[in-house]
Every structure is written in structure tokens, then in C-alpha cells.
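Undergrad:
In this note's numbering, the protein residues as written are 1000 to 1158.
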């Protein structure tokens, strides 16, 4: 893709898409195609964007065949859940009956109960998927000594 293969309208469309790109991955793909279109060679663009030359050629081809939507399309899907539906239900009941303060504690439970190992990020994603989120526990005082409280109130002056 040399500078003359794209029309001015296509170049303008790439510029608009780059301004509207919501993440770095999309912006880099658009920059790659745009840079090739304005005359930079594959080696230069790959070096500047720190990507493989074959990846750059793939971006160019995807844009040529499918336009911007094809260039930005990702077909990556995460792995399947390692727990069965029944095991997820058991985990949810456990989480409702007991408070776990860390994802590591949940990982330990899952390893002991189901013999399935999760990473912390994998467990975090699973917990989010089933509707749980982390909230930092608040420090709540226990049962204070009433006599001590009265003593402090009577002997403390606020100026």
C-alpha cells in the first residue's frame, strides 16, 4: 500500500477513526495502515509501532479487504469456564454463606472443593461474571467498653 493507493477520503476516514479510537490497540492499527498509505515502508512502521512486520502486513490486508471495521474487528474469545454449571452454583452458595476477603481465599476453596486451579485474574473474572465484586472491608469497632467511653468523653475537651 503506497501513498497513492488510498483516496484522500479514505485517508480522512482513517484520521477520523484514529481520533475516535477508544483504545491503544485500535489507534495503533489505524496508525499502521495510515503510515503505509502515506508512503512509509513496512520496516519503518513496524519499528516505530513496535510490532512484527507480518502483523503490519496483516493489518494492511484486512483494511484493504474489509475497511476500518475489518481492521478493528477482534475475534478473540476467552477460554471456557473450568467449572461446570453445578460447581458454579455450589461456589455461589458458598460465597453467600461465607465472606471471603480475598480472591486467593476463593481460589483455595475452589482448589480444595473441585480440584481446579485458577489464577487471581482468572478468579476475579469468574467472580465478576457471576455477579460478585470486591469491596474493601470497613473497620467497624467491636463492643466498646462503656466505662472507658464515658471516661474519655468527660475528660476530653475539644477547643
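For glycine and all other residues, C-beta sits at the position ideal for the given N, C-alpha and C.
#1: According to DSSP, simplified to helix, strand and coil, what is residue 1020?
#2: Can you tell me the Cα-Cα spacing of residue 1117 and residue 1018, whole angstroms?
#3: Do residue 1012 and residue 1067 have their CB atoms nearer than 8 Å?
#4: Could you give the distance in angstroms between the alpha-carbon of residue 1092 and the alpha-carbon of residue 1079?
#5: Expressed to the nearest angstrom, what Euclidean distance is found between the alpha-carbon atoms of residue 983 and residue 1098?
#6: According to DSSP, is residue 1101 helix, strand or coil?
#7: Who are the Cβ neighbours of residue 1124 in its own chain at under 8 Å, not counting the five residues just before and after it?
#8: Reducing DSSP to helix, strand and coil, say where residue 1123 ends up.
#9: How long is the line joining the alpha carbons of residue 1007 and residue 1015, rounded to whole angstroms?
#10: Between which two residues does the alpha helix (DSSP H) containing residue 1089 stretch?
#11: Would you mind giving the Cβ-Cβ distance between residue 1048 and residue 1031, rounded to the nearest angstrom? I have them listed as a contact below 8 Å.
#12: Using only alpha-carbon positions, find the residue among 1083, 1115 and 1057 that is nearest to residue 1073.
#13: How is the alpha helix (DSSP H) around residue 1063 delimited, first residue to last?
TA: So, to answer that:
#1: It is coil, neither helix nor strand.
#2: 38 Å
#3: yes
#4: 21 Å
#5: This structure gives no information on residue 983, because the portion of the chain shown stretches from 1000 to 1158.
#6: The answer is coil: DSSP assigns residue 1101 none of H, G, I, E or B.
#7: A distance below 8 Å between beta-carbons, with the five flanking residues on each side excluded, links residue 1124 to the following residues of its chain, in chain order: 1077.
#8: helix
#9: In a straight line, the C-alpha of residue 1007 is about 12 Å away from that of residue 1015.
#10: 1084–1096
#11: 6 Å
#12: 1057
#13: 1052–1071
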